[in-house]
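152 is the number that the UniProt record's numbering gives the last residue of the sequence shown; the numbers go up by one with no jumps. Glycine is no exception: its CB is placed at the ideal position from the N, C-alpha and C atoms. The model shown is predicted, which means the values in this text are computed figures rather than measured ones. One structure is given here, and the rest of the page talks about it.
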Amino acid sequence: MSLKEQLRTDTITQLKAGNKMELTTLRNVLGEIETREKSGKTPTELNDAEVEALIRKQVANRHETAKTYTDKGISDRAAAEIAEATFLEGYLPQALSDDEARSIVDSVMAELSAERELTMKDMGSAMKLINAQVAGRYDGKTLSTLVRAKLA
């Protein structure tokens, strides 16, 4: 079952259960998916990776909005935004630990260095291979720092 199908199924489940916050959150995400699919000259179907990226963006937006509400002293709205973000995070794959990320970086760098001596010019190709394995489950800036340390 694709992630989008899972979201649709869960919308029905939340509707039947009477969970308003979860239902509204899922409807908002599905609406955003539909908007993205229909925008542009030719309609497209979002794959699971694109839906995950969209959910990550929604989570980040909700955390940012919660921070804004907290700064303005509107704690009930901030709590609601955090609850929505937490709910949506359940649809994302488990984040990698620091050790798991280092292991991926080490294996990719070892694979690349087996061919020849690596320089900073190899940063892009290394990051491309690493990001393919990490798939958004770890902070890109931290990954970049790890790769730079290996190339230095």
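For the alpha helix (DSSP H) containing residue i, list its first residue and its last residue.
i, result
"residue 140", "140-151"
"residue 91", "That residue, residue 91, is in no alpha helix (DSSP H); it is neither H nor E in DSSP."
"residue 106", "98-113"
"residue 131", "123-134"
"residue 54", "48-71"
Would you kindly work out how many angstroms separate the C-alpha atoms of residue i and residue j, rounded to a whole number?
i, j, result
"residue 148", "residue 135", "19 Å"
"residue 129", "residue 74", "43 Å"
"residue 11", "residue 117", "52 Å"
"residue 47", "residue 54", "11 Å"
"residue 18", "residue 121", "55 Å"
"residue 85", "residue 45", "24 Å"
"residue 38", "residue 76", "35 Å"
"residue 97", "residue 137", "9 Å"
"residue 139", "residue 57", "13 Å"
"residue 60", "residue 152", "32 Å"
"residue 146", "residue 94", "20 Å"
"residue 141", "residue 131", "11 Å"
Is it buried or exposed, residue i, if we count other Cβ atoms within 10 angstroms and call 16 or more buried?
i, result
"residue 14", "buried"
"residue 109", "buried"
"residue 16", "exposed"
"residue 20", "exposed"
"residue 5", "exposed"
"residue 126", "buried"
"residue 115", "exposed"
Check residue i in the structure and name its three-state DSSP category.
i, result
"residue 4", "helix"
"residue 16", "helix"
"residue 117", "coil"
"residue 38", "helix"
"residue 24", "helix"
Closer than 7 Å: is that where the CB of residue i sits relative to any heavy atom of the ligand NAP?
i, result
"residue 106", "With respect to the ligand NAP, the structure offers nothing, as it holds no ligand at all."
Taking 8 Å as the threshold (beta carbon to beta carbon), is residue i in contact with chain D?
i, result
"residue 138", "The structure shown contains no chain D; it is built from a single protein chain."
Discussion item. Quick check: the region 64-76 against the region 88-105, are at least 3 beta-carbon pairs closer than 8 Å?
Written reply: No: fewer than three Cβ pairs fall under 8 Å.
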